[in-house]
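Residue numbers (numbering that gives the first Met the number 0): 0 to 138.
Here the structure comes first, spelled out in structure tokens, and everything after it is commentary.
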Amino acid sequence: MQYPLYVQQRGRGYRGRFADFPWIEVDGETFGALTQDAASLVQRMFHRSEHVIPTPTIDTSKLKTLEMDDGRGLWMFVDVDLTAVQSHSVFVQVRLRKSLLREIDLAAQKSEVSRSSYIALACIRELAHVGDEGAQRRS
């Protein structure tokens, strides 16, 4: 999959951050080294993890509105081969009202996460909330 990486020159090399994985920063002496290291880092971070791998942001107008785009760098798309990445996440199909899905998409966009990640985080928060109520009833 092609993931957008925001690249800026740092000294004699380059530093990049992914739009879809903003916590991942990578350095490289050349563009080639930067993209290779970036792809490898994403693969290592998600291999055998329970995190949902977000779908890539491909809308360049959305990319240009992100905080990381300060106008002093450039966007490039890095090919991340996810075929060897074994994730512990599973595919779930859910039916929702269109209006609810629009609200979820808006909230996910504001949070700068994918729809899947937003729904997964909401489920985790709800489970924690239910767990707290259960703990109160038992005590």
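For every residue, glycine included, the Cβ atom is placed at its ideal position computed from N, Cα and C.
(request) Go ahead and pull the three-state DSSP assignment for residue 31. (result) helix
(message) Under DSSP, the beta strand (DSSP E) around residue 104 begins and ends at which residues?
(response) No beta strand (DSSP E) holds residue 104; the alpha helix (DSSP H) holding it covers 97-110.
(request) Tell me whether residue 83 is buried or exposed, calling it buried when 16 or more other Cβ atoms sit within 10 Å of its Cβ. (result) exposed
(request) With distances taken Cα to Cα, identify the nearest neighbour of residue 19 among 41, 36 and 49. (result) 41
(request) Inspect the CB distances between the stretch 30-37 and the stretch 1-14 and report whether three or more fall short of 8 Å. (result) yes
(message) Looking at residue 37: is its Cβ nearer than 7 Å to the Cβ of residue 25?
(response) yes
(request) Report the rounded CA-to-CA distance for residue 136 versus residue 129, giving the unit in angstroms. (result) The pLDDT assigned to residue 136 is 47, lower than 50, so where the model puts this residue is not dependable, and the model offers no usable value.
(request) Taking only the alpha-carbon atoms, compute the straight-line gap between residue 141 and residue 79 and give it to the nearest angstrom. (result) Any property of residue 141 remains undetermined from this structure, which presents the chain solely from 0 to 138.
(request) Identify the continuous beta strand (DSSP E) that holds residue 152 and give its terminal residues. (result) The requested residue 152 does not occur in the structure, where the chain is confined to residues 0 to 138.
(message) Bridge partners for residue 69 per DSSP, in chain order?
(response) DSSP output for residue 69 lists no bridge partner at all.
(message) If you reduce the DSSP assignment to three classes, tell me which class residue 41 lands in.
(response) helix
(request) Would you kindly work out how many angstroms separate the C-alpha atoms of residue 109 and residue 62, rounded to a whole number? (result) 13 Å
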